[in-house]
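Read top to bottom, the protein sequences are chains D and F. Here the first sequence is numbered in numbering that gives the first Met the number 0, starting from 0 and rising by one per residue. Here the second sequence is numbered in numbering that gives the first Met the number 0, starting from 0 and rising by one per residue.
Protein chains: 2
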Amino acid sequence: MRIGILGGGQLGRMIALAAIPLGARVTFLDPAPDAPMSHIAKQICGAYDDERALEQLAREADVVTYEFENVPVASAQFISQFTKIFPPPDALRVSQDRVVEKSFFNTLEIPTPKFARIDSLNDLENAVDEIGLPALLKTRTLGYDGKGQALISTRADAERAWSEMQSAELVLEQFVNFTREVSILAARGQNGECVYYPLVENFHRDGILRLSLAPFLDTGLQNLAQTYAQRVLDALNYVGVLAIEFFQVGDELLANEMAPRVHNSGHWTIEGAVTSQFENHARAILGLPLGSTQTRGYSVMVNFIGALPDVDALLQIPDAHVHLYDKTPRAGRKLGHVTMVAKDDKTREKRLETGDWRFSL
Amino acid sequence: MRIGILGGGQLGRMIALAAIPLGARVTFLDPAPDAPMSHIAKQICGAYDDERALEQLAREADVVTYEFENVPVASAQFISQFTKIFPPPDALRVSQDRVVEKSFFNTLEIPTPKFARIDSLNDLENAVDEIGLPALLKTRTLGYDGKGQALISTRADAERAWSEMQSAELVLEQFVNFTREVSILAARGQNGECVYYPLVENFHRDGILRLSLAPFLDTGLQNLAQTYAQRVLDALNYVGVLAIEFFQVGDELLANEMAPRVHNSGHWTIEGAVTSQFENHARAILGLPLGSTQTRGYSVMVNFIGALPDVDALLQIPDAHVHLYDKTPRAGRKLGHVTMVAKDDKTREKRLETGDWRFSL
Numbered sequence: 000m001r002i003g004i005l006g007g008g009q010l011g012r013m014i015a016l017a018a019i020p021l022g023a024r025v026t027f028l029d030p031a032p033d034a035p036m037s038h039i040a041k042q043i044c045g046a047y048d049d050e051r052a053l054e055q056l057a058r059e060a061d062v063v064t065y066e067f068e069n070v071p072v073a074s075a076q077f078i079s080q081f082t083k084i085f086p087p088p089d090a091l092r093v094s095q096d097r098v099v100e101k102s103f104f105n106t107l108e109i110p111t112p113k114f115a116r117i118d119s120l121n122d123l124e125n126a127v128d129e130i131g132l133p134a135l136l137k138t139r140t141l142g143y144d145g146k147g148q149a150l151i152s153t154r155a156d157a158e159r160a161w162s163e164m165q166s167a168e169l170v171l172e173q174f175v176n177f178t179r180e181v182s183i184l185a186a187r188g189q190n191g192e193c194v195y196y197p198l199v200e201n202f203h204r205d206g207i208l209r210l211s212l213a214p215f216l217d218t219g220l221q222n223l224a225q226t227y228a229q230r231v232l233d234a235l236n237y238v239g240v241l242a243i244e245f246f247q248v249g250d251e252l253l254a255n256e257m258a259p260r261v262h263n264s265g266h267w268t269i270e271g272a273v274t275s276q277f278e279n280h281a282r283a284i285l286g287l288p289l290g291s292t293q294t295r296g297y298s299v300m301v302n303f304i305g306a307l308p309d310v311d312a313l314l315q316i317p318d319a320h321v322h323l324y325d326k327t328p329r330a331g332r333k334l335g336h337v338t339m340v341a342k343d344d345k346t347r348e349k350r351l352e353t354g355d356w357r358f359s360l
Numbered sequence: 000m001r002i003g004i005l006g007g008g009q010l011g012r013m014i015a016l017a018a019i020p021l022g023a024r025v026t027f028l029d030p031a032p033d034a035p036m037s038h039i040a041k042q043i044c045g046a047y048d049d050e051r052a053l054e055q056l057a058r059e060a061d062v063v064t065y066e067f068e069n070v071p072v073a074s075a076q077f078i079s080q081f082t083k084i085f086p087p088p089d090a091l092r093v094s095q096d097r098v099v100e101k102s103f104f105n106t107l108e109i110p111t112p113k114f115a116r117i118d119s120l121n122d123l124e125n126a127v128d129e130i131g132l133p134a135l136l137k138t139r140t141l142g143y144d145g146k147g148q149a150l151i152s153t154r155a156d157a158e159r160a161w162s163e164m165q166s167a168e169l170v171l172e173q174f175v176n177f178t179r180e181v182s183i184l185a186a187r188g189q190n191g192e193c194v195y196y197p198l199v200e201n202f203h204r205d206g207i208l209r210l211s212l213a214p215f216l217d218t219g220l221q222n223l224a225q226t227y228a229q230r231v232l233d234a235l236n237y238v239g240v241l242a243i244e245f246f247q248v249g250d251e252l253l254a255n256e257m258a259p260r261v262h263n264s265g266h267w268t269i270e271g272a273v274t275s276q277f278e279n280h281a282r283a284i285l286g287l288p289l290g291s292t293q294t295r296g297y298s299v300m301v302n303f304i305g306a307l308p309d310v311d312a313l314l315q316i317p318d319a320h321v322h323l324y325d326k327t328p329r330a331g332r333k334l335g336h337v338t339m340v341a342k343d344d345k346t347r348e349k350r351l352e353t354g355d356w357r358f359s360l
């Protein structure tokens with residue numbers, strides 16, 4: 000089987016590394032000649048809206064997938080004329096616009112933070128009245144890793160943020176005083192079979208995921224997250240891995256956003272679960288049975304952001320598994336990650352408190 | 000770091016898949032344009048004694064390794080003029096000739112089956128007298144997967160085998176009535192650090208490895224195998240993964256042969272150990288610390304030989320991990336393998352007895 004991937008970043012790279020043992024050959028489309036996948040798969044160098052490049056990718060693949068959600072929906076639809084594309088383009092459409100996404104969640108009776116579409120300063124002032132402060136003014140599209148967001152604590156903040164951001168389409172979102180941030184990774188096969196990984200607890204810094212702990216064990220919240228994820232998967236007739244990020248507030252989960260792809264908060268599954276999110280994504284799009292999502296221990300995943308740690312020192316830690324993405328270091332850039340799998344949560348706790356791996360935080 | 004690999008088969012493919020996450024870029028030399036590695040790494044297409052191709056590989060790599068032991072020793076030495084090559088060429092030299100190999104074992108006080116170098120029919124007759132029957136007449140070099148061997152049960156067999164095989168250099172080996180066949184995988188780093196995997200029990204059919212069970216738990220034999228392996232590793236100032244196959248006879252281990260490379264009986268380590276043999280080989284040659292060899296459960300590895308099983312059915316088994324090598328099916332050819340990791344040996348036992356995966360045996 001031949002897989003085509005839109006995007007050649009680290010997520011595509013890890014999908015390829017999981018798909019190759021299943022016998023797949025991988026081609027990818029990325030405009031950057033030095034993309035992280037460029038040394039491990041065949042590249043078609045081109046823009047994501049270049050129809051010649053898209054057609055070439057489609058013709059060289061039995062199935063196409065994507066590794067980031069800002070692929071133009073029109074490109075995904077264009078590809079679907081020639082070959083299968085999973086997840087379905089509609090999942091892209093929903094996840095690309097925060098207003099559409101949150102409305103979609105609400106339609107499925109999945110609670111979200113309060114939000115309002117903002118098209119004018121007047122809209123913003125009304126929304127501040129209704130939602131309250133503090134709140135977050137965000138661009139509706141193309142935001143990631145905390146980009147395109149402003150915290151609004153006062154009416155003066157609101158005016159300032161409006162004047163800075165008004166050229167974009169905007170949404171105001173309630174600032175949720177959450178207990179913790181958790182995410183669920185789920186996969187759905189072509190036959191509708193669904194599997195769920197245990198909840199992951201996530202820690203962000205400067206809007207970027209820094210550390211994930213898995214499993215986060217809470218039967219009630221796990222069931223709730225799975226119920227919500229299943230509604231999304233079925234509503235979209237989804238195929239592949241989906242991630243949903245939630246704010247936990249007491250016993251409630253508020254959906255913050257979804258990613259129609261493998262997700263950074265699932266990297267721990269490479270070593271920490273029987274089947275990784277990457278393998279299950281590959282299995283799903285290839286039409287193979289999904290693999291067990293059972294955990295192998297208590298995992299901690301730490302991102303390398305902006306600079307690499309001393310890999311030699313890190314590999315001296317038992318159970319440390321280093322993944323480097325072959326990217327040039329740059330501030331705020333995700334360059335790699337490490338996953339450590341402890342046999343129990345006490346051991347993981349101890350490692351978190353005392354480990355010399357903390358230099359990478 | 001850039002790794003060069005002599006050979007582009009499944010072993011090189013799995014080394015590459017383990018080395019890439021460590022940030023390595025991989026180039027390989029193989030005369031076959033459709034080698035299993037050809038879609039996942041840069042290929043230099045050439046013969047293993049083509050000095051221009053060897054020099055190109057060496058110049059494009061910070062370290063060169065090999066994935067099969069029939070690389071000409073002269074080629075390995077040629078490469079060492081330009082860049083590092085691990086394991087050391089001397090390990091190739093020793094393992095390429097059954098007489099040299101067994102003599103080397105004996106020098107290190109590692110027992111082997113009785114053997115005698117055969118240069119004439121007279122040598123063969125004398126050796127039969129000394130070693131007894133049945134015995135195996137084997138070519139000294141280039142044998143693998145049971146090729147180049149004849150079982151000798153009678154003096155008439157001896158004469159017939161001599162007349163068929165006399166054009167090659169030969170060795171007569173005692174036929175050992177062994178309790179079982181086991182192997183040990185060991186790795187040695189550039190700083191002399193050694194790690195050992197638990198013993199593996201191996202089952203062959205038609206001279207080809209069919210099934211491996213790991214761990215084979217026997218403290219006495221484990222210690223013995225590690226002692227022997229350490230002698231070999233240190234004597235050769237070895238770097239990388241080494242495999243030694245033994246015949247177990249009661250409490251004794253007789254060394255049958257060694258492979259100066261990752262080994263089929265270590266494929267279970269991808270899922271069944273904390274660090275796979277492939278990752279530890281990559282770590283060793285890259286000068287990184289070696290990873291834990293601890294097991295994650297009770298593994299069974301089954302080779303796909305000559306034809307592929309129904310992969311879809313196989314992947315419905317929990318814990319089944321399929322690895323396909325992207326090779327064209329041909330009788331006797333290793334096309335892939337599956338590893339299943341059970342939580343305890345009872346579960347593994349049950350799966351061995353009743354599993355519908357047995358179609359692949």
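Even glycine gets a Cβ: it sits at the ideal position worked out from N, Cα and C. This one's a predicted model, so the numbers in the text were calculated from it and none came from an experiment.
- Neighbours of R282/F in chain D, taken as residues at a C-beta separation under 9 Å, are given in chain order as L314.
- G335/D has its alpha-carbon roughly 57 Å from the corresponding atom of Q165/F.
- In this chain, the alpha helix (DSSP H) harbouring M13/F covers 9-18.
- Below the 7 Å Cβ cutoff, chain F contributes L287, P288 as neighbours of D311/D, in chain order.
- Contacts with chain D at 9 Å (Cβ-Cβ) do not include S211/F.
- Annotated three-state conformation of V63/F is strand, per DSSP.
- Contact annotation, V63/D with K83/D: C-beta distance approximately 7 Å; criterion of less than 8 Å satisfied.
- For L287/F, the three-state secondary structure derived from DSSP is coil.
- Contacts between R295/D and chain F, judged by CB atoms closer than 7 Å, involve R295 in chain order.
- The beta carbons of P288/F and Q293/D sit about 29 Å from each other, so the pair does not count as a contact at 8 Å.
- Looking at L169/D, R179/D, A234/D, the one whose alpha-carbon comes closest to that of S211/D is R179/D.
- Among the CB atoms of chain F, none fall inside 9 Å of the CB of R51/D.
- Counted as a single uninterrupted DSSP element, the stretch harbouring T294/F is not any alpha helix (DSSP H), since DSSP gives it neither H nor E.
- By a beta-carbon distance limit of 8 Å, I243/D contacts A228/D. Their separation comes to about 6 Å.
- Under DSSP, I43/D forms a beta bridge with L28/D.
- A residue is called buried when at least 16 other Cβ atoms come within 10 angstroms of its Cβ; G249/F does not meet this threshold and is exposed.
- Here N125/F has A115 as same chain residues with Cβ atoms under 8 Å from its own Cβ, once five neighbours each way along the sequence are excluded.
- F27/D is a Cβ neighbour of A40/D, given a cutoff of 9 Å.
- The contact set of P317/F on chain D, defined by CB atoms closer than 7 Å, consists of S291 in chain order.
- For L56/F, the uninterrupted alpha helix (DSSP H) segment begins and ends at 50-58.
- Using a 10 angstroms sphere on the CB of Q247/D, the tally of other CB atoms reaches 16 or more, which defines it as buried.
- Going by beta carbons, L241/D and L285/D fall outside the 9 Å limit.
- Pairing F174/D with P133/D gives a Cβ-Cβ distance under 9 Å.
- Between L10/F and S74/F, the gap from beta carbon to beta carbon reaches 9 Å or more.
- For P110/D, the CB contacts under 8 Å within the same chain, skipping 5 residues up- and downstream, are F104, E251, L252, L253, A254 in chain order.
- No Cβ-Cβ contact shorter than 9 Å links K326/D with P30/D.
- Residue pairing of H322/F in beta bridges, as defined by DSSP: H336/F.
- Against chain D, a Cβ distance below 7 Å from H38/F picks out R24.
- Taking the C-beta atoms as reference points, G239/D is found no nearer than 9 Å to F67/D.
- Burial is judged here by how many other beta carbons sit within 10 angstroms of a residue's own beta carbon; T338/D has at least 16 and is buried.
- Within chain F, not a single residue places a beta-carbon under 9 Å from that of I4/D; the smallest gap is close to 14 Å.
- Put simply, the backbone Cα of E168/D is about 19 Å away from that of M257/D.
- Put simply, the segment 50-61 of chain D does not touch the segment 295-311 of chain D. Fewer than three CB pairs are less than 8 Å apart.
- The closest CA to that of M0/D, considering only L21/D, Y237/D, G7/D, G8/D, is found on L21/D.
- A straight-line Cα-Cα distance of about 23 Å links N263/D and L135/D.
- Beta-bridge partners assigned by DSSP to R1/F: R24/F.
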